[in-house]
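Q: The following block contains the structure, expressed as structure tokens.
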Amino acid sequence: MAEVVVVVFDFDRTLIDGDSDDWVVKEMGLTQLFRELRSTMPWTSLMNRMMVELHSQGKAAEDIEVCLKRMPLHPRVIESIQAAHRNGCDLRIISDANQFFIETILKQHGLLGCFTEIVTNPAFVDAEGRLNIVPFHDSASTPHGCNLCPPNMCKGLVLKRIQAADSEFRKRRYIYLGDGKGDYCPCLRLGAQDFVVPRKSFPLRNLIYNKQALIKAVIHEWSNGEELAAVLLDIIDRILIDENSRTEVMASPDNGCKTTPVSYP
Ligand SMILES: [Mg+2]
Ligand SMILES: [Zn+2]
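The opening residue of the sequence shown carries number 1193 in my numbering; numbering runs sequentially from there.
Below is the structure:
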């Protein structure tokens, strides 16, 4: 039943309360260098440069892993993700962090197996033991052409690809949770049957309310992990009740279309 629901999470400041890049920079003593270089290169290149620095200081990928494992994740958010997964929702992450950081944190909290897909900047440990972070989208050879998004990732295009897998007869219903500017573009692709769940007092929420007419999805705000979890589970419940009642109407002998597949108008 719940495979009709797709839950798309942003990662930093949404699925986790903090920012994994900031956490590693601060916890591993790179704040000064990070500030010096911030204006000189794009974010993903800067994070890769931070990894070069850690490697030159003799820090291994395992040390970064240890640091990431200490990053807190709200217990209610953990429970809500597990509950959504148990209910058969299709859970995905679209994030401008990187694969190594996200997978390490999710694994630590036993959540990695709950997600169908994590779309983010790839990361790998090379033969010398250094963690490399590379842009998801190679903007030098083929720019994605979206002026709302950073050159390395258009989350809207990623969502479009996920939506394209939906059956023509049965559109799945999307719940998009996010906080940042990069989350605005995918929200423009949501329909009236979908939900956008922006974090209060963060850029996404303000972008949405600046031109609310552009957003077709139903909006629900949240401010902390407890609220995020409650809002998410409430929306999933509402969708499932809604879907069940549609199925009952369609299956009712009175309306004479028992064998007709359920579909949206
Ligand atoms: Mg974020
Ligand atoms: Zn975009």
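Glycine included, each C-beta is placed from N, C-alpha and C at the ideal position.
Tell me which same chain residues have a C-beta within less than 7 angstroms of the C-beta of residue 1296, skipping the five on either side of it?
A: Excluding positions up to five away in sequence, the list reads 1257, 1260, 1261.
Q: Are the stretch 1211-1219 and the stretch 1382-1392 in contact at 8 angstroms, needing three or more beta carbon pairs?
A: No: fewer than three Cβ pairs fall under 8 angstroms.
Q: Helix or strand or just coil, what does DSSP make of residue 1284?
A: If DSSP states are grouped into helix, strand and coil, residue 1284 belongs with the strands.
Q: For residue 1380, which option in 1359, 1233, 1402 has the closest C-alpha, if you only look at C-alpha atoms?
A: The shortest C-alpha separation from residue 1380 is found at 1402.
Q: Ends of the beta strand (DSSP E) at residue 1323?
A: That run of the beta strand (DSSP E) goes 1323-1325.
Q: Identify the continuous alpha helix (DSSP H) that holds residue 1240 and give its terminal residues.
A: Note, residue 1240: alpha helix (DSSP H), 1235-1248.
Q: Can we say the stretch 1262-1278 touches the stretch 1414-1433, given the rule of at least three CB pairs closer than 8 angstroms?
A: Contact holds: three or more Cβ-Cβ distances are below 8 angstroms.
Q: Could you check where the beta strand (DSSP E) with residue 1313 kicks off and where it finishes?
A: It spans 1307-1313 - the beta strand (DSSP E) in which residue 1313 sits, taken as one unbroken run.
Q: Following the continuous beta strand (DSSP E) through residue 1390, name the residue where it begins and the one where it ends.
A: Looking at the DSSP string, the run of the beta strand (DSSP E) that includes residue 1390 is 1387-1390.
Q: Less than 6 angstroms between C-beta atoms, sequence neighbours within five positions excluded: which residues of the same chain meet that for residue 1309?
A: Closer than 6 angstroms at the Cβ level, and outside the excluded window around residue 1309, lie 1284.
Q: Between residue 1229 and chain B, is any beta-carbon pair separated by less than 8 angstroms?
A: Absent here is chain B; the protein component of the structure consists of one chain.
Q: Kindly indicate which residue of 1270, 1269, 1301, 1294 has the alpha-carbon position closest to the one of residue 1215.
A: Closest by alpha carbon: 1294.
Q: By alpha-carbon positions, which one of 1357, 1390, 1363, 1362 ends up nearest to residue 1372?
A: Nearest option by C-alpha distance: 1390.
Q: Hey, would you say residue 1243 sits closer than 8 angstroms to residue 1362, going by beta carbons?
A: No, the Cβ-Cβ distance between residue 1243 and residue 1362 is not below 8 angstroms.
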